Amino acid sequence: MSSRILGQLLGRLYLSRSLRTLVVRHTNRCFGSARASAVFSRNGKIISLCAAEQSHTTPNSYVSSNFYCGFHSSASLCEDSVVVKTPPFAESVTEGDIRWDKAVGDAVAEDEVVGEIETDKTSIPVTAPASGIIEELFVSDGDKVERDQQLFKLKITGEAPKKETPEPTVSEPATPTSPPPPSPAAEPVVRDIPSSAPPVPPLPTAPLHEIKPSVPTPVAMPTATVDVPVKGARSEHRVKMNRMRQRIAQRLKDSQNTYAMLTTFNDVDMSNVMEMRKTHKDAFFKKHGIKLGFMSAFVKAAAFALQSEPVVNAVIEGNEIVYRDYVDISVAVSTPKGLVVPVIRNVETMNYTDIERAINLLGEKARNNELAIEDMDGGTFTISNGGVFGSLMGTPIINPPQSAILGMHAINDRPVAVNGKVEIRPMMYVALTYDHRLIDGREAVTFLRKIKAAVEDPRVILMDL
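So the sequence shown is numbered by UniProt numbering: it starts at 1 and just counts up by one.
(1) Determine the burial state of glutamine 402: buried for a count of at least 16 other Cβ atoms within 10 Å of its Cβ, exposed for fewer.
(2) Spell out a yes or no on whether the stretch 380-390 and the stretch 353-371 are touching, meaning 3 or more CB-CB pairs, one atom from each, closer than 8 Å.
(3) When you compare only the Cα positions, how much space is there between arginine 459 and glutamate 110?
(4) So, under 8 Å CB-CB, residue 466 and isoleucine 124 are touching, yes? Tell me the CB distance rounded to an integer number of Å.
(5) With a threshold of 8 Å, are at least 3 pairs of Cβ atoms found where one atom belongs to the stretch 430-450 and the other to the stretch 282-293?
(6) Does the count of Cβ pairs from the stretch 434-448 and the stretch 252-261 closer than 8 Å reach three?
(7) Which residue from Phe89, Val268, Asp106 puts its Cα closest to that of glutamate 456?
(8) Tell me whether alanine 34 is buried or exposed, calling it buried when 16 or more other Cβ atoms sit within 10 Å of its Cβ.
(9) Helix, strand or coil for aspartate 97, going by three-state DSSP, please let me know.
(10) Ends of the beta strand (DSSP E) at valine 331?
(11) Please specify which runs of the beta strand (DSSP E), each continuous and at least 3 residues long, are wholly inside the stretch 362-446, giving them in chain order.
(12) Are the CB atoms of valine 327 and alanine 314 nearer to each other than 8 Å?
(13) Could you tell me the alpha carbon to alpha carbon distance between isoleucine 329 and glutamate 112, rounded to whole angstroms?
(14) Examine chain B for any beta-carbon lying closer than 8 Å to the beta-carbon of asparagine 399, and answer yes or no.
(15) For the stretch 389-408 against the stretch 361-377, are there 3 or more C-beta pairs whose distance is under 8 Å?
(16) Taking just the CA atoms, how far does alanine 297 sit from leucine 448?
(17) Cα separation between methionine 244 and serine 384?
(18) What are the start and end residues of the alpha helix (DSSP H) that includes methionine 295?
(19) In whole angstroms, what is the alpha-carbon distance linking arginine 324 and valine 299?
(20) Could you work out which residue in Arg238, Arg367, Ile461 is closest to alanine 302 when comparing CA atoms only?
(21) Decide if valine 104 is buried, meaning its Cβ has at least 16 other Cβ atoms within 10 Å, or exposed.
(22) Do you know how far the Cα of isoleucine 156 is from the Cα of alanine 130?
(23) Taking the runs of the alpha helix (DSSP H) that are 4 residues or longer, which of them lie wholly in the stretch 227-283?
(24) If you count every other CB in all the chains shown that lies within 10 Å of the CB of glutamate 118, and 16 or more means buried, which is it?
(25) Distance check for alanine 444 and glutamate 309, CA to CA, integer angstroms please.
(26) Between which residues of its own chain and tryptophan 100 is the CB-CB distance below 6 Å, once the five residues before and five after are set aside?
(27) Grouping DSSP H, G and I as helix and E and B as strand, with all else coil, what is alanine 107?
(28) By the three-class DSSP mapping on this structure, what secondary structure does serine 37 have?
(29) Within 10 Å of its beta-carbon, does methionine 295 have 16 or more other beta-carbons around it, so buried, or fewer, so exposed?
(30) Nearest-angstrom Cα distance between alanine 410 and alanine 453?
(31) Beta strand (DSSP E) containing leucine 151: first to last residue?
(32) Would you tell me roughly how many angstroms separate the C-alpha atoms of threonine 264 and glutamine 150, rounded to the nearest one?
(33) Please report the straight-line C-alpha distance between serine 279 and asparagine 351, rounded to a whole angstrom.
(34) Output needed for glycine 44: all residues of its chain with C-beta closer than 8 Å, excluding positions within five of it in sequence on either side, in chain order.
(35) Would you kindly report the start and end of the unbroken beta strand (DSSP E) that includes isoleucine 290?
Structure below.
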């Protein structure tokens, strides 16, 4: 069969040009045995095109020379199994550990998660390309996998696994039962009245002090076996450290070994920003659909301060200092698998609403374990909020390859001096850890005071003071 004739036939199926070319190429390759087949999918339906030798014509067919061409729907593919490889990795990731959620013989639906690859930065889901049954797992649970490695073999059935629904149980009405007839034992028994007195027991002849009372034999009661934990038991167990925790430990130790870290402190009066949030939070949520928090005030203040002190936004590379004209702020988020730092990019162009929307989106991704490598790459400055756990004060560690990190802490009412008077104000301690190789104390203290002023009075940012 010529490619032109087969192309005309495929054109009647209203297929795209690229798909027709693919089918023609496949048919010509396996047509040497006078029978060819090409399988493709159209609108979710499996279509099989076959060509075979025929010497007569049939309805709904196209005849050229002595070949019969037709098409029909098929429920199975010529090759009903597929080997699934590792999903694409980011450029900075080369390997990871596989964790299987399914086993051999399990039925999976299309795009259902079969396993998960834990890398240094995030977890990458491994999904099924089609509905089918897992025939073979090429790697064991917990093994290391690399780029383009074969993971499992899937037998394609085209049918999603059926969800078992419990059948409703109909309780049968209880039939009234008549009370059982009284047993003969329950009837009163009339006994004969004795006509003589009972015999008198014999009197003891020995003195009373020589008679020893008989000790009753104790009856052995069945004892139930109860597992009582031993008090003071000392036990331990070992758990393998996942890749993300290993990477976090390595990066933190590298940061301590590389940077000359120094921390400076200040406190922020949260009265104005708390009053602003209290006044506008309902209108903000009604218009934008997200809650107004305190994080946006600190992120915007940090972007304002980074533009005023560009050395804090810079980084040392070899014997050079790289100054960044953009502000990408990493926000530390705690997850069950470890600490992750997704990045909010181009913060200098954002307002409070844009920042809150970005934080809400990244936080939702982190909670659902959907953060991609691209969400955490880069970053010129980091903000860590230990105040959500009640931390009063701490010294954060720099996130390499950045040069500084801001630590937020809990808000507590404290007495402070205001215009010569003692007042109770909601106060927060803030800490700035910086690389003293690049940033001097003057720039660090000035930077932190800029953040303090911008949070306490956001009009400073509007007036560029």
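For every residue, glycine included, the Cβ atom is placed at its ideal position computed from N, Cα and C. Note that this is a predicted model, so its numbers are computed, not measured.
The relevant details are as follows:
(1) On the sequence shown, residue 402 is found 402 positions in, with the first residue counted as 1. It is buried - the Cβ of glutamine 402 has at least 16 other Cβ atoms within 10 Å.
(2) no
(3) Residue numbering aside, residue 459 sits at position 459 when the sequence shown is read from its first letter. Residue numbering aside, residue 110 sits at position 110 when the sequence shown is read from its first letter. Going from the Cα of arginine 459 to the Cα of glutamate 110 covers about 53 Å.
(4) Lying outside 1 to 465, the shown extent of the chain, residue 466 is not represented and no answer is given.
(5) no
(6) yes
(7) As a first step, residue 456 must be located in the sequence shown, where it is residue number 456. The residue with the shortest Cα to Cα distance from glutamate 456 is Val268.
(8) Taking the sequence shown and counting its residues from 1, one reaches residue 34 at position 34. Caution applies to alanine 34, whose pLDDT of 37 falls short of 50 and renders its modelled position unreliable; the value that the coordinates give is listed next. Exposed, by the Cβ-count rule.
(9) Residue mapping note: residue 97 aligns to position 97 of the sequence shown, counting from 1. In the structure shown, aspartate 97 sits in a strand (DSSP, three-state: E or B).
(10) Here residue 331 is taken as the residue at index 331 of the sequence shown, counted from 1. Segment 329-331, the beta strand (DSSP E) holding valine 331.
(11) 381-385, 404-418, 421-435
(12) Here residue 327 is taken as the residue at index 327 of the sequence shown, counted from 1. Here residue 314 is taken as the residue at index 314 of the sequence shown, counted from 1. No.
(13) As a working mapping, residue 329 is identified with position 329 in the sequence shown. As a working mapping, residue 112 is identified with position 112 in the sequence shown. Isoleucine 329 and glutamate 112 have their alpha carbons spaced roughly 34 Å apart.
(14) Included in the structure is just one protein chain, with no chain B present.
(15) no
(16) Indexing the sequence shown from 1 puts residue 448 at position 448. Indexing the sequence shown from 1 puts residue 297 at position 297. Each residue's Cα considered, the two are about 14 Å apart.
(17) Translated into positions along the sequence shown, residue 244 becomes position 244. Translated into positions along the sequence shown, residue 384 becomes position 384. Spanning the two alpha carbons is a distance of roughly 18 Å.
(18) For the purposes of this step, residue 295 is identified with residue 295 of the sequence shown, where counting begins at 1. Methionine 295 -> alpha helix (DSSP H) spans 295-308.
(19) If you number the sequence shown from 1, residue 324 lands on position 324. If you number the sequence shown from 1, residue 299 lands on position 299. Using only the alpha carbons, I get a separation of about 17 Å.
(20) Position 302 of the sequence shown, counting from 1, holds the residue named residue 302. For alanine 302, the nearest C-alpha among the options comes from Ile461.
(21) As a first step, residue 104 is located in the sequence shown; it is residue number 104 there, counting from the start. Exposed is the call here.
(22) Within the sequence shown, numbered from 1, the residue matching residue 130 stands at position 130. Within the sequence shown, numbered from 1, the residue matching residue 156 stands at position 156. In a straight line, the C-alpha of alanine 130 is about 7 Å away from that of isoleucine 156.
(23) 243-258
(24) The residue given as residue 118 occupies position 118 in the sequence shown. The residue in question, glutamate 118, is buried, as its Cβ has 16 or more Cβ neighbours within 10 Å.
(25) Translated into positions along the sequence shown, residue 309 becomes position 309. Translated into positions along the sequence shown, residue 444 becomes position 444. Cα to Cα, glutamate 309 sits roughly 9 Å from alanine 444.
(26) In the sequence shown, the residue the question calls residue 100 occupies position 100. Only Gly115, Asp141 meet the Cβ criterion.
(27) Position 107 of the sequence shown, counted from the first residue, corresponds to residue 107. The answer is strand: DSSP assigns alanine 107 an E or B state.
(28) Here residue 37 refers to the residue found at position 37 of the sequence shown. Bear in mind that a pLDDT of 41 at serine 37, under 50, signals an unreliable position, so the number given afterwards is only what the model happens to contain. In the structure shown, serine 37 sits in a strand (DSSP, three-state: E or B).
(29) Here residue 295 is taken as the residue at index 295 of the sequence shown, counted from 1. Counting Cβ neighbours within 10 Å, methionine 295 comes out buried, since at least 16 surround it.
(30) Along the sequence shown, one-based indexing puts residue 410 at 410. Along the sequence shown, one-based indexing puts residue 453 at 453. Rounded to whole angstroms, alanine 410 to alanine 453 spans 18 Å at the Cα level.
(31) As a position in the sequence shown, residue 151 is number 151, starting the count at 1. Where leucine 151 is concerned, the enclosing beta strand (DSSP E) stretches over 150-156.
(32) By 1-based counting over the sequence shown, the position of residue 264 is 264. By 1-based counting over the sequence shown, the position of residue 150 is 150. Threonine 264 and glutamine 150: Cα-Cα distance of roughly 51 Å.
(33) In the sequence shown, the residue the question calls residue 279 occupies position 279. In the sequence shown, the residue the question calls residue 351 occupies position 351. Sequence inspection shows threonine at residue 279; the serine mentioned does not correspond to that position. In a straight line, the C-alpha of threonine 279 is about 18 Å away from that of asparagine 351.
(34) In the sequence shown, the residue the question calls residue 44 occupies position 44. Residue confidence is low: glycine 44 scores 42 on pLDDT, short of 50, so the model does not pin down where it sits. Its coordinate-derived value is still stated next. The answer is none, since no qualifying residue turns up.
(35) For the purposes of this step, residue 290 is identified with residue 290 of the sequence shown, where counting begins at 1. In this chain, isoleucine 290 is not harboured by any beta strand (DSSP E), its DSSP state being neither H nor E.
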